[in-house]
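In UniProt numbering, the protein residues as written are 1 to 616. Following: one structure in structure tokens, then a few remarks.
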Amino acid sequence: MDQRDTTPRADDEPAVAGATDSAADGAVEEITEPAAGGDAEDSTIETARRVVRRVVETLRGTTVDVGDYEPDTHGPLVELDDPGDLEVIERYWVDAPFSYVTIGYDHEANEHRYRPVEPRLRDDEAVLLETLFEDVRDPLLYRAEDGDDVESLLRETVREYLERYGAAVDTTTFYRLFYYLYRDFRGYGRLAPIMHDPHVEDVSCDGYELPIFVYHDEYTDIETDVSFEADALDRFVVGLAQHSGRHISIGDPMVETTLPDGSRAELALGEEVTPRGSAFTIRKYADEPFTPIDLLEYGTFGVEQLAYLWLAIEHNKSLIFAGGTASGKTTSMNAVSMFVPPRSKVVTIEDTRELQLSHDNWLSAITRERVHEGTDVTMYDLLRSALRHRPEYIVVGEVRGEEAMTLFQAMNTGHTTYSTMHADSVQTAINRLESEPINVPRSMVQSLDILSVQTLTRAGDGRVRRNKVLAEIEGVDQRTGELDYSTAYRWDSESDSFRSANSRVLSEIRDERGWSQTELLTELENRKQFLEYLRENGISDYRRFTAMVNEYYSDTASVLERIGVESRLEAEDGADEGYGDENRTGGEDGLADESIPAADSDAADSSGGPDVPRDR
Numbered sequence: 001m002d003q004r005d006t007t008p009r010a011d012d013e014p015a016v017a018g019a020t021d022s023a024a025d026g027a028v029e030e031i032t033e034p035a036a037g038g039d040a041e042d043s044t045i046e047t048a049r050r051v052v053r054r055v056v057e058t059l060r061g062t063t064v065d066v067g068d069y070e071p072d073t074h075g076p077l078v079e080l081d082d083p084g085d086l087e088v089i090e091r092y093w094v095d096a097p098f099s100y101v102t103i104g105y106d107h108e109a110n111e112h113r114y115r116p117v118e119p120r121l122r123d124d125e126a127v128l129l130e131t132l133f134e135d136v137r138d139p140l141l142y143r144a145e146d147g148d149d150v151e152s153l154l155r156e157t158v159r160e161y162l163e164r165y166g167a168a169v170d171t172t173t174f175y176r177l178f179y180y181l182y183r184d185f186r187g188y189g190r191l192a193p194i195m196h197d198p199h200v201e202d203v204s205c206d207g208y209e210l211p212i213f214v215y216h217d218e219y220t221d222i223e224t225d226v227s228f229e230a231d232a233l234d235r236f237v238v239g240l241a242q243h244s245g246r247h248i249s250i251g252d253p254m255v256e257t258t259l260p261d262g263s264r265a266e267l268a269l270g271e272e273v274t275p276r277g278s279a280f281t282i283r284k285y286a287d288e289p290f291t292p293i294d295l296l297e298y299g300t301f302g303v304e305q306l307a308y309l310w311l312a313i314e315h316n317k318s319l320i321f322a323g324g325t326a327s328g329k330t331t332s333m334n335a336v337s338m339f340v341p342p343r344s345k346v347v348t349i350e351d352t353r354e355l356q357l358s359h360d361n362w363l364s365a366i367t368r369e370r371v372h373e374g375t376d377v378t379m380y381d382l383l384r385s386a387l388r389h390r391p392e393y394i395v396v397g398e399v400r401g402e403e404a405m406t407l408f409q410a411m412n413t414g415h416t417t418y419s420t421m422h423a424d425s426v427q428t429a430i431n432r433l434e435s436e437p438i439n440v441p442r443s444m445v446q447s448l449d450i451l452s453v454q455t456l457t458r459a460g461d462g463r464v465r466r467n468k469v470l471a472e473i474e475g476v477d478q479r480t481g482e483l484d485y486s487t488a489y490r491w492d493s494e495s496d497s498f499r500s501a502n503s504r505v506l507s508e509i510r511d512e513r514g515w516s517q518t519e520l521l522t523e524l525e526n527r528k529q530f531l532e533y534l535r536e537n538g539i540s541d542y543r544r545f546t547a548m549v550n551e552y553y554s555d556t557a558s559v560l561e562r563i564g565v566e567s568r569l570e571a572e573d574g575a576d577e578g579y580g581d582e583n584r585t586g587g588e589d590g591l592a593d594e595s596i597p598a599a600d601s602d603a604a605d606s607s608g609g610p611d612v613p614r615d616r
């Protein structure tokens, strides 16, 4: 990477200008007088406040006329950071032109470091910001209503109060002040740059004055230089709970909740249950859900596997995704749910909202814990209610307890169901389903058609997510009483490829449709080439992807003709049951490859800040 350090232009204009000479002279005399006892730092801050108040009184009635920020005219809002002993690996914007991230490498500790960089305030700007914090928050909360453009409302409110103060500020000062007010009003405070970073999946804090850790999609677990003092962390945790409509206190110190942006949060307050102090973990919510094309690009699945799953979903085969923590279970389930036929009724049931479907006939249901009055609404309650909505597809975020019995009862009565669970192998998943606290009878487990096991593992220098096995449940062996299953696809870690075997599910689909083996293979091949076409043309946005799949359902022949796919393969009837020996995934390092493109040069130029290109 080109590790250029472009020094930003100096910004020497004062934040508050236009005072009369006498007021300015008095301010200089006051701020240069030595403190008469007491703490020198506190005295200096208090003196600065008095200076600002004096200038404000002098300038009362000033009009603040601040236009749009123009980087070429007004200069940068954020300076290039000093990496110190770190080797700069890369810099990239997360909220241009206000904040960027520096990824550095600490050679002494042999670890990467994550450093968010925000605008630096001068002393006079910091004092003015503190005054605005006290004055703006309550009126803004009162004036803001659902659907309002909070950013525009805040900008106008700040301008009004600056005029009331009589503070004639320059454009860069105005936008620095606006940035800090906006980031705190939205609830993430000093965590804002991290939450804006699309490459960060998880954010965790383990206690007072301990560094925040993030899970980065390229550098995995990485330490940041952000931390919270005790009081600040307590306030932050309470604020997260309040922003999500929940209550947390020393008497009730643990809360699981969904934040306003859809991210999942686990919160702990005080030192009762977490001795190192208040703690939180945030699983960030992706604004744009992954599609099957994204899974192909990451190498999580091969194209033949996705064509197989598409056929299975279209023909109402039930499916569970199993795997360890952060193995991509929910992401994969959400992605393949985009293969559901467009007019089918879909009901999703979750503890915290993660699923996002571009589907018109979709009912989303979320559990609710009783706060002050009323009753809990559990996943079991929602699942029973969902059956009365006559869904064709039921998607449950995760099965953990009694709701699993209802889920499998729905499966046994002809409803197509999808869910996730924690298990690292097919046998472990079956054992969990049959054991406490889930306790699904073996005779009911056999109604499950496909079990997908995913893993988060290492490949080369990075971590990758792979579908380890696609297994098919074949039923109970009458001789042994054990549940039989076979493997349709298995990941070969040595070659980073997927190997296939005969499939009972595909044979069932062939027989249900009255297809010959040639027609079955043709259907698979058509879907493979369709998915490859979308991949080659970069159609991974979930709206465009869903629209293309819907078009495929409505007029398959026209779609295949348009993308240049023959509608039938030249294969002989009665071909072997097998349908391919090997399906190579994407690049050698799969998920470790960067899938999010760098900001283009125009975007970087418009930021007005330091040169922080994303070169990978």
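We treat Cβ as the ideally placed atom computed from N, Cα and C, and that holds for glycine. Just so we're clear, the structure is a prediction, and the values are computed from it rather than from any experiment.
* Using 8 Å as the Cβ pair cut-off and three pairs as the minimum, do the region 450-470 and the region 300-308 touch? -> yes
* Asked: What separation, rounded to the nearest whole angstrom, lies between the Cα atoms of GLY397 and ASP541?
  -> 22 Å
* To do: Look up SER419 in the DSSP assignment and say whether it is helix, strand or coil.
  => strand
* Limits of the alpha helix (DSSP H) - the one that PRO292 falls within -> 292-298
* Given GLY147, which residues of its chain have a CB within under 7 Å of its CB, disregarding the five upstream and five downstream residues? -> Caution applies to GLY147, whose pLDDT of 49 falls short of 50 and renders its modelled position unreliable; the model cannot decide the point.
* Asked: Are the beta-carbon atoms belonging to TYR114 and HIS216 less than 8 Å from one another?
  -> yes
* **Uninterrupted beta strand (DSSP E) stretches inside the region 195-248 (no shorter than 3 residues)** => 200-205, 213-216 and 220-224
* To do: Pull up the distance between the alpha-carbon of GLU314 and that of ASP287, whole angstroms please.
  => 26 Å
* Can you grab the Cα-Cα spacing for the pair ASN109 / GLY460, in whole Å? => A quick correction: the sequence has Ala, not Asn, at residue 109. Looking at the two C-alpha atoms, the distance is approximately 21 Å.
* Beta-bridge partners of HIS112, as assigned by DSSP -> TYR105
* Residue interval of the alpha helix (DSSP H) (run including LYS528) -> 517-536
* Have a look at TRP310 and SER244 and give me their C-alpha separation to the nearest angstrom. => 36 Å
* To do: Please classify THR375: does DSSP put it in a helix, a strand, or coil?
  => coil
* Asked: Enumerated in chain order, which unbroken segments of the alpha helix (DSSP H) with a length of 4 residues or greater are wholly contained in the region 424-493?
  -> 426-434 and 442-445
* Through-space distance from GLU229 to TYR179, alpha-carbon basis -> 22 Å
* Asked: From LEU181 to LEU153, what does the alpha carbon distance come to, in whole angstroms?
  -> 12 Å
* Asked: Alpha carbon to alpha carbon, how far is SER447 from LEU80?
  -> 60 Å
* Is the beta carbon of THR487 sitting closer than 8 Å to the one on VAL476? -> no
* Asked: Pick from ARG490, THR457, ARG442 and THR274: whose alpha carbon is nearest that of GLY481?
  -> ARG442
* Asked: Which residue comes first and which comes last in the beta strand (DSSP E) that contains SER500?
  -> 497-500
* Environment of SER332 [buried if 16+ CB atoms lie within 10 Å] -> buried
* To do: Take the Cβ of ASP511 as the centre, count every other Cβ of all protein chains shown within 10 Å, and call the residue buried at 16 or more, exposed below.
  => exposed
* Residues of its chain near TYR219, where Cβ-Cβ distance is below 7 Å and the 5 sequence neighbours each way are ignored -> ILE103 and HIS112
* Any idea what DSSP makes of ASP511, helix, strand or coil? -> helix
* Starting from ARG91, trace the beta strand (DSSP E) both ways and give me its first and last residue. => 87-95
* Cα-Cα separation, ALA168 to GLU272 -> 49 Å
* Under 8 Å, do VAL445 and TYR393 count as touching if we go by C-beta distance? -> no
* **Nonlocal neighbours in the same chain, by C-beta distance under 6 Å from ASP576, ignoring five residues either side** => Because the pLDDT at ASP576 is just 45, under 50, the model does not fix this residue reliably, and the value given afterwards should be weighed accordingly. Nothing meets the Cβ criterion.
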